[in-house]
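One structure below.
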Amino acid sequence: MMRPAFALAATLAFTLTAPAAEFDLIIRRARVLDGAGNPWHRADIGVRQGRIAAIGSIPDPATADRTINAAGRIVSPGFIDVHTRIEGAVEKVPRGDNYLLDGVTTVITGNCGGSRAQVAEWFDTLTKRGLGLNVATLIGHNTVRREVIGTANRKATPEEIVKMQALVEQAMREGAVGLSTGLIYIPGTYSDSGEVVALAKAAAKHGGTYASHMRDEGEKIVDAINEAVRAGKEAGMPVQISHFKIDNRRLWGMSARSLALVEKYRQEGVDVVVDQYPYDHSSTNLGITLPSWALADGEAAIKERLTTKETRVRIKREMLRLLAVKGRPNYSYAIVAGFAPDRTLEGKTISQINRLRKRAPTPANEAETILEIMDQGGAQMVYHSMSMVDVERIMKYPYTAVASEGGGLEFGLGMPHPRSYGTNGRVLAEFVRLRKVLTLEDAVRRMTSMPARTFRLRDRGLIAEGMAADLLVFDPAKVQDKATYQKPHAYTEGFDFVLVNGVVMVEDGKLTAARGGRVLRHRP
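Count along the sequence shown from 1, then add 597; that gives the number in the numbering used here.
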């Protein structure tokens, strides 16, 4: 039935004059942990246009498009994961499911020397796809070196260093937050300290941070720390030492000495901090078990070395020397996480695979098994490389940030390290609630304001008016990581709501279809 003209006019008038809601969202009766390490306080939080617009007692008459009752629960800033490598995966899973359900709202990628070379182009691609979480990137030394020199095992010439500096500066102008190195990886391992310092200076000109996977995390860790700090001191920039650990079984317990050296530099005025994942297993490629010279000059050269009898013998001999240096009797500590040519090997140790191939259980035979896998392109690995004594000691150090060193994952594919799913949940469940290594307030600080300060994310990491509304609502008694080494594909439970730039990405513990994330371009 046709409505009278006067009724339609009245409806239009009401629509045009009805006041807009004061807030997009209000979180009421929250126990607010501000991210700075302070004790919680009771407050309401009002969100408007992706920002925190009000904190305190917001009167009940205040209007909002949505209200969340957080009574009895903590509200904290969203977690910032300072060490990820999501390139290639975020394009497939742009929502970042494994991170969001672990409370992470921002990731720093491009770590360990590997990044996208064309930062602006990559950022444009991600923006078009639509992100679930915020993404910032470093520019990788290995990436830059490969662009200029390839994988040659030699020092860079002065002219090549100038070309690499230009690429670093271009990436910084396009929004990178700093320079990363991976000095055990190809081709960065072939560089000297002078090259690293020169590139760090190029990033420092634009206000960048230097993040380093050091040259050694065991026998020569003191030299490696000195080298990392040198780059920061000479370039005049903050230093973040990645996934700080002792990875040599013979030296477990040495973290007391390595942390003392970091603290000594801090006392001398060097802005150096570390990050850590809360596990005693690491994860990287299988190639690190080979001598670095064997991986130089590209796939054709590697294949030739592996098929030349004398060279293969030499490689195996040096592999066994490296094994002994690490205090390992065999390769039972090395577990295949991802191997596309044969998925049945995933989850098995090199020692187990060697036995499946009907070989005697000797280190030399296991080294041959590794080379056979390398013949097929190599594998992603999980290594039992650390002691929980060192893990706990490093975690207690006040300038240790929490980081996963994980990636974006396709659920169910391979046997990845559980850190990609459960890092932050594990810190809260295992090291705050169970072991009481950290207080809740300090754990949240290490996941929020500390990484935001290091990478100069000036509008993230704190709950304060004007800051981005990256927020978590959770009961700290219920947060629990579920991913294990045997069953790694399991999401963390207990984060009830996750907001990214004011957009609800997790509601009642379930992912939404929204896309609240954005690329974060560094501005000096």
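Cβ coordinates follow ideal geometry from the N, Cα and C atoms, glycine included.
Please read all numbers here as calculations on a predicted model, not as lab measurements.
Non-local beta-carbon contacts of W849 in its own chain, meaning distances under 8 angstroms to residues more than five positions away in sequence, involve I843, M983, S984, V986 and D987 in chain order.
Bridge partners of K1107 according to DSSP: E1104. A799 and D972 have their C-alpha atoms some 38 angstroms from each other. The Cβ neighbour count for A1110, taken over all protein chains shown within 10 Å, is under 16; the residue is labelled exposed. In its chain, beyond the 5 residues on either side, G693, V704, T706, V732, G1004 and G1005 have a beta carbon closer than 8 angstroms to the beta carbon of I683. Nearest to I677 by alpha-carbon distance, out of L1054, P875 and I947, is L1054. Straight-line measurement puts the Cα of I746 at about 46 angstroms from the Cα of A1026. Only residues of its own chain outside the window of five on either side were considered, and among them N708, C709, G710, S777, T778, G779, L780, I781, Y782, S839 and H840 have a CB closer than 8 angstroms to the CB of H810, listed in chain order. When DSSP states are grouped into helix, strand and coil, G785 belongs to the helix group. Here L856 has Y994 as same chain residues with Cβ atoms under 6 angstroms from its own Cβ, once five neighbours each way along the sequence are excluded. Every alpha helix (DSSP H) stretch that sits fully inside the segment 722-778 and reaches 4 residues is listed by chain position as 738-745 and 755-770. The C-alpha of R952 is placed about 42 angstroms away from the C-alpha of T734.
Runs of the beta strand (DSSP E) spanning 3 or more residues and lying entirely within the segment 834-904 occur at 836-838, 869-873 and 878-882, in chain order.
Here L1035 has M992, K993, V1024, F1028, V1029 and R1043 as same chain residues with Cβ atoms under 8 angstroms from its own Cβ, once five neighbours each way along the sequence are excluded. When the five nearest sequence neighbours on each side are left out, the beta carbons in the same chain lying within less than 8 angstroms of the beta carbon of K945 are those of I932, V933 and L953, in order along the chain. The alpha-carbon of D662 is positioned some 15 angstroms away from that of R648. Beta-bridge partners of F1008 (DSSP): none assigned. Below 8 angstroms, enough C-beta pairs join the segment 1087-1096 and the segment 1062-1074 to call them touching: three or more.
A distance below 8 angstroms between beta-carbons, with the five flanking residues on each side excluded, links R1032 to the following residues of its chain, in chain order: E989. Ranking R743, G805, S790 and A1074 by CA distance to the CA of A773 puts G805 first. Taking C-beta atoms under 8 angstroms as the contact rule, D1072 and R670 qualify, at a distance of about 5 angstroms.
Bridge pairing for M978: T881 and V933 [DSSP].
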